[in-house]
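Be aware that the sequence shown starts at 1, since it is given in full-length UniProt numbering, and climbs by one per residue.
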Amino acid sequence: MLSPTEQNDLLAEIARLLSTVVPQSFQLAELNGFVLAGTSGYQLLVDKGDPEKMRRVQVPFGLDEVMRELRRGMYDPERGSWYSLVFELSGDGKYSVRYNYDRRPSKSILDDEFSRDLSNFPRAEEHIPEWLKDLMSTASNVFGLVLDNPDLPNPHRIAEAFRDAGWTTEMNEDTEYALTTDWARLSTKNTYPFVRFAGRAELSRIAELEAVLAVLPWRAEFETYDDRGLLLREFKIA
Numbered sequence: 001m002l003s004p005t006e007q008n009d010l011l012a013e014i015a016r017l018l019s020t021v022v023p024q025s026f027q028l029a030e031l032n033g034f035v036l037a038g039t040s041g042y043q044l045l046v047d048k049g050d051p052e053k054m055r056r057v058q059v060p061f062g063l064d065e066v067m068r069e070l071r072r073g074m075y076d077p078e079r080g081s082w083y084s085l086v087f088e089l090s091g092d093g094k095y096s097v098r099y100n101y102d103r104r105p106s107k108s109i110l111d112d113e114f115s116r117d118l119s120n121f122p123r124a125e126e127h128i129p130e131w132l133k134d135l136m137s138t139a140s141n142v143f144g145l146v147l148d149n150p151d152l153p154n155p156h157r158i159a160e161a162f163r164d165a166g167w168t169t170e171m172n173e174d175t176e177y178a179l180t181t182d183w184a185r186l187s188t189k190n191t192y193p194f195v196r197f198a199g200r201a202e203l204s205r206i207a208e209l210e211a212v213l214a215v216l217p218w219r220a221e222f223e224t225y226d227d228r229g230l231l232l233r234e235f236k237i238a
């Protein structure tokens with residue numbers, strides 16, 4: 001965990017980076033940012049004298065690296081780490097920062113990103129906010145892929161194997177499939193050269209998913225997670 005001095009050094013570096021992209025005559029720069037294990041986003045607004053007409057400015061190169069270092073360094077096994085922050089830099093060089101540890105930072109962030117983040121930055125039960133507990137109870141707990149071995153996997157052949165096992169399959173306009181049964185709901189994603197799949201399943205019946213994947217002519221692998229986003233088991237199917 002970072003010492004207070006090390007935290008201040010990183011905050012000073014953020015201020016320095018922001019000063020490289022704001023106009024010389026600015027009065028206030030406000031950085032709103034969120035950082036999760038697998039995604040991040042930033043908005044930098046600058047006030048040149050009229051707070052009601054703040055304009056957006058491109059964030060500086062290297063900002064994400066420093067923000068991630070700050071978040072990792074502030075991680076506490078009990079409380080976790082912050083999701084987002086507001087960093088304000090004034091024209092005289094002074095700065096302040098406010099951290100958000102509990103509120104969902106943005107509704108545009110995919111639910112699975114929070115599952116992944118919790119597995120990387122675990123929290124004590126009492127520090128998991130209610131919205132995250134609700135989300136984790138329905139979030140994807142199976143993530144896998146069909147590999148390009150011995151050749152490129154065919155998503156239609158994959159869907160056929162699930163249909164033969166009694167699953168319902170539905171293809172969308174992007175040639176991605178929803179694979180549904182009474183104990184699981186998965187979806188495919190073609191990411192050349194692999195076909196990825198993810199979704200939620202009753203883990204007590206995960207052997208049935210193994211059986212479906214075992215009939216494919218390609219290798220497959222997948223992982224299961226608990227409702228805190230922690231890895232339970234890895235599967236490899238030749």
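C-beta: ideal position from N, C-alpha, C; glycine also.
Of the other Cβ atoms in all chains shown, fewer than 16 fall within 10 Å of the Cβ of Thr5; this residue is therefore exposed.
If you check the CB distance, Ala15 and Tyr83 do not come in under 7 Å.
Under the three-state reduction of DSSP, Ser115 is assigned to helix. Separation of the CB atoms of Leu152 and Ala220 is rounded to 14 Å, and the pair is thereby denied contact status at 8 Å. Within the segment 77-127, complete alpha helix (DSSP H) segments of at least 4 residues are found at 111-120, given in chain order. Fewer than three Cβ pairs drawn from the segment 122-138 and the segment 168-188 lie within less than 8 Å of each other, which leaves the two stretches out of contact. In this model, Ser140 and Arg68 are separated by some 25 Å (Cα to Cα). Annotation for Ser40: no alpha helix (DSSP H) segment contains it, though the beta strand (DSSP E) segment containing it runs Ser40 to Asp47. Per DSSP, the continuous alpha helix (DSSP H) segment holding Ser19 begins and ends at Pro4 to Ser19. Annotation for Met136: the continuous alpha helix (DSSP H) segment containing it runs Glu130 to Met136. Judged by DSSP in its simplified three-state form, Gly33 adopts strand. Inter-segment contact for the segment 20-27 and the segment 50-66 is present: three or more beta-carbon pairs are separated by less than 8 Å.
DSSP, read as helix, strand or coil, puts Met171 in strand.
Look at Val22 here: in three-state DSSP terms it is coil, with no helix or strand label. The continuous alpha helix (DSSP H) containing Val212 extends over residues Ile206 to Ala214. Secondary structure note for Val59: it is in no beta strand (DSSP E), with a DSSP letter that is neither H nor E.
Spanning the alpha carbons of Gly199 and Glu210 requires a straight line of approximately 14 Å.
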